[in-house]
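Chains as they are written, first to last, in the working numbering: chain A, 277 to 480; chain B, 878 to 1003. Each residue gets a CB set at the ideal place from its N, CA and C atoms; glycine is no exception.
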């Protein structure tokens, strides 16, 4: 059998001791979700992309989005193995409204989320921000800095999105592995802080 | 537009749920397979004879599980099958005793601070 056994003697095998955590990557169409998942994770993301038909181009507003001719119809996912028995799974949420039905399943049990934003089309990430705020899923907003886009500070973005105080906003380059790692680290840190705060609330 | 479709353009030749005999939900055990639920082969699986009775998709999933503990999402990706179909097939394998499935940790119990620390350190070390 090829799977890793736990170090603890007599412990059960992988499925019982292994832990899988889930982080969602959300945001508007063409904002770089697939790129982010691909830049940090170990396996090739599951791409179920379809070419945009002419009809699709009208539905999927690609203004300001360069050379994007396919659209993600299912979800991307990648795995980061932290150690044997501890993996982090990344799921890119479908970027279009007509795939909302997939979100609830993805969001269930998620540790936290990244909302990727493009300052040229900031409104595209409103639905994702609303979604995670309503469900109290800890999220950070990562502004993907596209070349040629005017740069805004994290404060400005936070105000424009009317985020709850404390919701982290950071600038990133979704293509860059280190930048992507930093985004994920911030999600995990923030999720930890939110969780502790909630526990204290329960006690108090 | 041409009226002739060949190969991949014609779409799948077998409707996805044909592989499950038309079933769209896992069997009587009614297990809910989370996307990140982990699937491992059972330590005490049924015999060779029973395995030979499995369909090709069941066997494909089984051999993927044998290679490595995998999540439901990974199995679907690697077997190139829709997640819904994989859930039904895994339900069969579970009931027949070929595999076991971990329950994902309920979100209320997460995150354990020590685990999160490990995740953060692990991410930094990537």
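Should residue i be labelled buried (16 or more other beta-carbon atoms within 10 Å of its own) or exposed?
i	result
residue 479/A	exposed
residue 911/B	buried
residue 926/B	exposed
residue 334/A	Because the pLDDT of residue 334/A is 47, which lies under 50, any placement of that residue in the model is unreliable, and the number read from its coordinates should be weighed accordingly. Residue 334/A comes out exposed.
residue 394/A	buried
residue 412/A	exposed
residue 930/B	exposed
residue 457/A	buried
residue 475/A	exposed
What number of angstroms, rounded off, separates the C-alpha of residue i from the C-alpha of residue j?
i	j	result
residue 365/A	residue 423/A	29 Å
residue 347/A	residue 433/A	Only weak support is given to the placement of residue 347/A: the predicted model assigns it a pLDDT of 45, under 50, and the value that follows is read from those uncertain coordinates. Each residue's alpha carbon lies about 26 Å from the other.
residue 945/B	residue 915/B	10 Å
residue 992/B	residue 469/A	13 Å
residue 959/B	residue 415/A	28 Å
residue 934/B	residue 299/A	29 Å
residue 389/A	residue 426/A	25 Å
residue 908/B	residue 472/A	31 Å
residue 894/B	residue 943/B	24 Å
residue 998/B	residue 383/A	24 Å
residue 954/B	residue 917/B	16 Å
residue 919/B	residue 429/A	53 Å
residue 1000/B	residue 399/A	30 Å
residue 302/A	residue 454/A	19 Å
residue 952/B	residue 477/A	39 Å
residue 903/B	residue 351/A	22 Å
How about residue i: is its C-beta nearer than 7 Å to some C-beta of chain B?
i	result
residue 418/A	no
residue 433/A	no
residue 464/A	yes
residue 353/A	yes
residue 473/A	no
residue 436/A	no
residue 446/A	no
residue 308/A	no
residue 286/A	At residue 286/A the pLDDT is 34, less than 50, meaning the model places this residue with poor confidence; the figure from the coordinates comes in the next sentence. No, residue 286/A does not count as interfacial toward chain B.
residue 461/A	yes
residue 360/A	no
residue 365/A	yes
Restricting to Cα atoms, I'd like to know which of the options is closest to residue i.
i	options	result
residue 459/A	429/A, 402/A, 396/A, 444/A	444/A
residue 994/B	462/A, 353/A, 399/A	462/A
residue 381/A	943/B, 965/B, 919/B, 950/B	950/B
residue 932/B	965/B, 955/B, 977/B, 917/B	965/B
residue 410/A	428/A, 439/A, 315/A	439/A
residue 972/B	896/B, 901/B, 898/B, 923/B	923/B
residue 448/A	360/A, 311/A, 295/A, 356/A	311/A
residue 947/B	1001/B, 897/B, 976/B	976/B
residue 940/B	903/B, 970/B, 913/B, 962/B	970/B
residue 359/A	900/B, 989/B, 1002/B	1002/B
residue 401/A	419/A, 387/A, 385/A	419/A
residue 963/B	936/B, 921/B, 980/B	936/B
residue 435/A	457/A, 361/A, 452/A, 405/A	405/A
residue 980/B	466/A, 467/A, 295/A, 464/A	295/A
Within the present structure, is the beta-carbon of residue i separated from the nearest heavy atom of the ligand FAD by less than 6 Å?
i	result
residue 917/B	You won't find the ligand FAD in this model; it holds no ligand whatsoever.
Of all the CB atoms in chain A, is at least one closer than 7 Å to the CB of residue i?
i	result
residue 940/B	no
residue 999/B	yes
residue 908/B	no
residue 966/B	no
residue 1003/B	yes
residue 950/B	yes
Enumerated in chain order, which unbroken segments of the beta strand (DSSP E) with a length of 3 residues or greater are wholly contained in the segment 898-972 of chain B?
Runs of the beta strand (DSSP E) inside the segment 898-972 of chain B: 915-918.
Considering only residues of the segment 376-404 of chain A, which uninterrupted alpha helix (DSSP H) runs meet the minimum length of 4 residues and lie entirely inside it, listed in chain order?
List check, alpha helix (DSSP H) in window: 377-383.
At 4 residues or longer, what runs of the alpha helix (DSSP H) sit wholly inside the segment 395-469 of chain A?
Counting only runs of 4 or more, we get 402-410, 430-437.
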